[in-house]
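From first to last, the protein sequence lines stand for chains A and B. Residue 18 in numbering that gives the first Met the number 0 sits at position 19 of the first sequence, and the numbers go up by one each step. Residue 254 in numbering that gives the first Met the number 0 sits at position 255 of the second sequence, and the numbers go up by one each step. Glycine included, C-beta positions come from ideal geometry on N, C-alpha and C. This report refers to the structure that appears directly beneath it.
There are 2 protein chains.
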Amino acid sequence: MFLVTILGSSAAMPTPTRNQTSQIITIENTRFLVDCGDGTFVQILRNGVSTKNLKYIFISHLHTDHFTGLMAFLVCLGMQSRHSPLYIYAPADLEQYINLHLKISQTTLDYEIIFQALPEGKSEVFLETAHFSVQNLPLEHRIKPCNGFLFTKKNPKRTILAEKLPKNLLPKYYIDLQAGIDVKNENDEILFSVEDYTILLPECKYAYCSDTKYNTELLPLIQNVDVLYHEATFLHKDAQKANNTYHSTALEAAQMAQQANAKQLLLGHFSIRYHDSKPFLEEAKSIFPNTYLAEDGVSFEIQLGEREKE
Amino acid sequence: MFLVTILGSSAAMPTPTRNQTSQIITIENTRFLVDCGDGTFVQILRNGVSTKNLKYIFISHLHTDHFTGLMAFLVCLGMQSRHSPLYIYAPADLEQYINLHLKISQTTLDYEIIFQALPEGKSEVFLETAHFSVQNLPLEHRIKPCNGFLFTKKNPKRTILAEKLPKNLLPKYYIDLQAGIDVKNENDEILFSVEDYTILLPECKYAYCSDTKYNTELLPLIQNVDVLYHEATFLHKDAQKANNTYHSTALEAAQMAQQANAKQLLLGHFSIRYHDSKPFLEEAKSIFPNTYLAEDGVSFEIQLGEREKE
């Protein structure tokens, strides 16, 4: 399973139906919260999202609309009887803010917060397990640092082409083949090779890019992603405003998707100056047809793009 | 006009239909925000509350659920093109938190914030105009200071008993009588006295008491209020838990209303441990029939209690 659940899709000013930015990413049994605008915990409750497997919180940057719901979130997690540690990856300045909040509110959490400052000025895989990796993506925004995140769901086990193998093969050989070990006889001759009897499904990738101006330097880092979430604060008729405020237009987001050879584009972070979100979709689709709009409460499955599947 | 609009009525843990504590008080053309839980600004938008005349924010205490929506609120006000100053009355520790948030988020607001620490350990009228006054009410909660607020809507003008006066009386004499000045002839003899030709409607009072344990020391300060908002985190079967956590039960809130000779009781701050809010109403009504439950998005008019009207 590889899911993104939208908890908030507005730009800095929310609306009655769009909260400030927040997403839950689910990779198998692990959940990540990405950004945490005002009222994010209520969105968790409204959309029936379990926080049981939530292990990581990533904060892209310290503009108010991307982190202001964090303290309510942390305290409410505590009230849900959480005891397992929570890892927060964020700009370094956030740590003192968390500590000051806990101090003045005289709050002691029953779980440990492990705060990690995100890498600055460079992109690196800052979190990796056998099942996934996460790499920060330096974005071009008014405030520094500002990071996007590239989530990679790995396929730690090879897929066995069972129909090619004899039915009575010992289970241990299946396990070896899944793990990439050839099955050999006692003379060390290969009976069933990993190459012939298994395939490795490609990794599946989701890139979160918000907030950022149109920035082609990002392209090598997000090349061939299966789904690109890209902010689209403005329509292209307001490209100058987008540029001045270090935001993007829907068309620019689509250009990024196109140039990155992304398989799907998900737009979000819509400004309230436009009363309708359809024009964002139309504008992006004009050059990148496989585009969708983020809507609060909606989950999107991150699947391998068509080209890889074939 | 004297209105209380409920933006949040849950205890610390919100629900899909109850946000953390927040209320808007409207006295004629002036609005006050009282407490500001997570997602309060979205509640403002959802309920179509104008922030145009919002001049004051009061924070009762620094438990997370009573102030964590404040920074999003302040920043969103700025995005609504606010330029008039905003007065924040709160525990002193909040000021450094506001300043740290503005610093790390690199936010400059286009309006001035005038921060005032609330009186500590005593009750006094800390804000007064010709139209209203606000007095802090020291509450008994785990964190100190914790203040409730007594709002008094004054009647600065006397009401003229027009039917008793001659129809051709000069307008200036009406204005004098409204202002409490007798109408005299040139020999300084009273023609129409303030006492005989006007009445002064009584002041109208709303007391906000959250969070607090049952505390009869509060009674002299809230005597004869027209509406008492009192927290009712627990039902009385859990009175021991209420006492241990410095909260109240619905029955205790009703006892306070009864002993304060309040005309109406409004209950809020309900714990999620009870899945239904009706028992709170039933419990309080068993001894104080004129009780209502706070519900998010609902406005209650603060009117003179029946006894005063008669």
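Compare the C-alpha of D175 of chain B against each of B:K163, B:V193, B:N186, B:N167 and name the closest. Within the second sequence, numbered from 1, the residue matching residue 175 of chain B stands at position 176. The candidate whose alpha carbon is nearest that of D175 of chain B is B:V193.
Residue burial classification, E230 of chain A (beta-carbon count within 10 angstroms, cutoff 16): The residue you call residue 230 of chain A lines up with position 231 of the first sequence. The C-beta of E230 of chain A has 16 or more other C-beta atoms within 10 Å across all chains shown, which makes the residue buried.
Got a sec: is the Cβ-Cβ distance from D37 of chain A to anything in chain B below 8 Å? Stepping through the first sequence from its first residue, residue 37 of chain A is reached at position 38. With 8 Å as the cut-off, D37 of chain A counts as an interface residue toward chain B.
Let's test the definition: count the other Cβ atoms within 10 Å of the Cβ of K308 of chain A and tell me whether it reaches 16, buried, or not, exposed. Stepping through the first sequence from its first residue, residue 308 of chain A is reached at position 309. Residue placement at K308 of chain A cannot be trusted, given a pLDDT of 40 that sits under 50; the coordinates are not used to answer.
Using beta carbons (cut-off 8 Å, strictly below), is T106 of chain B in contact with chain A? Your numbering for residue 106 of chain B matches position 107 in the second sequence. When Cβ-Cβ separations below 8 Å define contact, T106 of chain B makes contact with chain A.
Please identify the residue among B:V3, B:L218, B:L266, B:I24 whose C-alpha is closest to the C-alpha of A122 of chain B. The residue labelled residue 122 of chain B in the question sits at position 123 within the second sequence. The sequence shown places Ser at residue 122 of chain B, rather than the Ala named in the question. When only C-alpha atoms are compared, the closest one is B:L218.
What did DSSP end up calling H229 of chain A once you bin it into helix, strand or coil? Locating residue 229 of chain A in the first sequence gives position 230, where the first residue counts as 1. Look at H229 of chain A here: in three-state DSSP terms it is strand.
For a cutoff of 8 Å on Cβ pairs, would you count P15 of chain B as touching chain A? Locating residue 15 of chain B in the second sequence gives position 16, where the first residue counts as 1. It does: the Cβ of P15 of chain B has a partner Cβ on chain A nearer than 8 Å.
Hey, would you say L117 of chain B sits closer than 8 Å to P144 of chain B, going by beta carbons? Indexing the second sequence from 1 puts residue 117 of chain B at position 118. Indexing the second sequence from 1 puts residue 144 of chain B at position 145. Result yes, Cβ atoms of L117 of chain B and P144 of chain B sit closer than 8 Å.
Using 8 Å as the threshold, is the C-beta distance between P170 of chain B and A129 of chain B below it? Here residue 170 of chain B corresponds to residue number 171 of the second sequence, with the count starting at 1. Here residue 129 of chain B corresponds to residue number 130 of the second sequence, with the count starting at 1. It is not a contact, given that the beta carbons lie outside the stated cut-off.
Throw me the rounded Cβ distance for the L265 of chain B and C208 of chain B pair, which I believe falls under 8 Å. As a first step, residue 265 of chain B must be located in the second sequence, where it is residue number 266. As a first step, residue 208 of chain B must be located in the second sequence, where it is residue number 209. Not really, about 10 Å apart at Cβ, beyond 8 Å.
When A:V41, A:S49, A:E185 are compared against M70 of chain A, the one with the closest alpha-carbon: The sequence position of residue 70 of chain A within the first sequence is 71, counting from 1. Comparing Cα positions, the closest option is A:V41.
Please name the residues in the stretch 112 to 141 of chain B whose beta-carbon is closer than 9 Å to at least one beta-carbon of chain A, in chain order. Against chain A - using a Cβ distance shorter than 9 Å - the residues of the stretch 112 to 141 of chain B are R141.
Could you tell me which residues DSSP puts in a beta bridge with K152 of chain B? In the second sequence, counting from the first residue as 1, residue 152 of chain B sits at position 153. According to the DSSP secondary-structure assignment, K152 of chain B is paired through a beta bridge with B:F131, B:C203.
Kindly indicate the opening and closing residues of the beta strand (DSSP E) around R45 of chain B. Taking the first residue of the second sequence as position 1, residue 45 of chain B is located at position 46. Element bounds for R45 of chain B: not the beta strand (DSSP E) but the alpha helix (DSSP H), 39 to 45.
Using the C-alpha atoms, what's the distance from T4 of chain B back to R17 of chain B? Residue mapping note: residue 17 of chain B aligns to position 18 of the second sequence, counting from 1. Residue mapping note: residue 4 of chain B aligns to position 5 of the second sequence, counting from 1. Straight-line spacing of the CA atoms in R17 of chain B and T4 of chain B works out to 13 Å.
Under 7 Å, CB to CB, which of the residues in the stretch 69 to 89 of chain B have a partner in chain A? Within the stretch 69 to 89 of chain B, the qualifying residues are M70, A71, V74, C75, M78.
Buried or exposed by the 16-neighbour rule on C-beta atoms within 10 Å, applied to D109 of chain A: Reading the first sequence from its first residue, position 110 is the one you call residue 109 of chain A. Burial call: exposed.
Could you tell me which of B:S132, B:K284, B:A259, B:C35 sits nearest to A89 of chain B, measuring between CA atoms? As a position in the second sequence, residue 89 of chain B is number 90, starting the count at 1. Nearest of B:S132, B:K284, B:A259, B:C35 to A89 of chain B, Cα basis: B:C35.
Assigned exposure category for S9 of chain A - 16 Cβ within 10 Å defines buried: Counted from its first residue, the first sequence places residue 9 of chain A at position 10. With 16 or more Cβ atoms within 10 Å of its Cβ, S9 of chain A is classed as buried.
Answer with buried or exposed for I221 of chain A, where buried requires no fewer than 16 other C-beta atoms within 10 angstroms of its C-beta. Stepping through the first sequence from its first residue, residue 221 of chain A is reached at position 222. Of the other Cβ atoms in all chains shown, 16 or more fall within 10 Å of the Cβ of I221 of chain A; this residue is therefore buried.
The stretch 253 to 263 of chain A contacting the stretch 225 to 239 of chain A, beta-carbon criterion three pairs below 8 Å: The stretch 253 to 263 of chain A vs the stretch 225 to 239 of chain A: in contact.
Please list, in chain order, all residues of the same chain as D141 of chain B whose beta carbon is under 6 Å from its beta carbon, the five residues on each side excluded. For the purposes of this step, residue 141 of chain B is taken as residue 142 along the second sequence, with counting starting at 1. The residue you asked about is not Asp; residue 141 of chain B is Arg in the sequence shown. For R141 of chain B, the CB contacts under 6 Å within the same chain, skipping 5 residues up- and downstream, are Y245 in chain order.
Cα-Cα separation between Y173 of chain B and Q134 of chain B, rounded to whole angstroms: Mapped onto the second sequence, residue 173 of chain B falls at position 174. Mapped onto the second sequence, residue 134 of chain B falls at position 135. Using only the alpha carbons, I get a separation of about 32 Å.
Run of the alpha helix (DSSP H) containing Q254 of chain B, from where it starts to where it stops: Taking the first residue of the second sequence as 1, we reach residue 254 of chain B at position 255. Its alpha helix (DSSP H) spans residues 249 to 258.
Can you find a CB in chain A that lies within less than 8 Å of the CB of F40 of chain B? Here residue 40 of chain B corresponds to residue number 41 of the second sequence, with the count starting at 1. It does: the Cβ of F40 of chain B has a partner Cβ on chain A nearer than 8 Å.
Could you tell me the distance, in whole angstroms, from the CA atom of N184 of chain B to the CA atom of D210 of chain B? The residue labelled residue 184 of chain B in the question sits at position 185 within the second sequence. The residue labelled residue 210 of chain B in the question sits at position 211 within the second sequence. Roughly 57 Å between the two C-alpha positions.
Mark T107 of chain A as exposed unless 16 or more other C-beta atoms lie within 10 angstroms of its C-beta, in which case mark it buried. Your numbering for residue 107 of chain A matches position 108 in the first sequence. Around the C-beta of T107 of chain A, fewer than 16 other C-beta atoms lie within 10 Å, and the residue is accordingly described as exposed.
When we look at the beta-carbon of P15 of chain A and count the other beta-carbons within 10 Å, is it buried (16 or more) or exposed? On the first sequence, residue 15 of chain A is found 16 positions in, with the first residue counted as 1. Here P15 of chain A is exposed: its Cβ has fewer than 16 other Cβ atoms, across all protein chains shown, within 10 Å.
With a threshold of 8 Å between beta carbons, is T63 of chain A in contact with chain B? If you number the first sequence from 1, residue 63 of chain A lands on position 64. Contact of T63 of chain A with chain B is assigned, a C-beta pair being separated by under 8 Å.
For T290 of chain A, does the count of other Cβ atoms within 10 angstroms reach 16, so buried, or fall short, so exposed? As a first step, residue 290 of chain A is located in the first sequence; it is residue number 291 there, counting from the start. The residue is buried, with at least 16 neighbouring Cβ atoms inside 10 Å.
Comparing the C-beta of E307 of chain A with each C-beta of chain B, is any distance below 8 Å? By 1-based counting over the first sequence, the position of residue 307 of chain A is 308. Note that E307 of chain A scores a pLDDT of 43, beneath 50, so its modelled location is shaky and nothing firm can be said.
Short-range partners of chain B found in the stretch 258 to 278 of chain A, where Cβ spacing is below 9 Å: Within the stretch 258 to 278 of chain A, the residues whose Cβ lies closer than 9 Å to some Cβ of chain B are I271, listed in chain order.
State yes or no: is the C-beta of L101 of chain B within less than 8 Å of the C-beta of I43 of chain B? Here residue 101 of chain B refers to the residue found at position 102 when the second sequence is read from its first residue. Here residue 43 of chain B refers to the residue found at position 44 when the second sequence is read from its first residue. No, these two residues do not count as a Cβ contact at 8 Å.
Consult DSSP for L69 of chain B and reduce its assignment to one of helix, strand or coil. Position 70 of the second sequence holds residue 69 of chain B. Looking at L69 of chain B - three-state DSSP - the assignment turns out to be helix.
Test item: CB-CB of F57 of chain A and V74 of chain A under 8 Å: Here residue 57 of chain A refers to the residue found at position 58 of the first sequence. Here residue 74 of chain A refers to the residue found at position 75 of the first sequence. Annotated as distal: F57 of chain A and V74 of chain A, with beta-carbon spacing of 8 Å or more.
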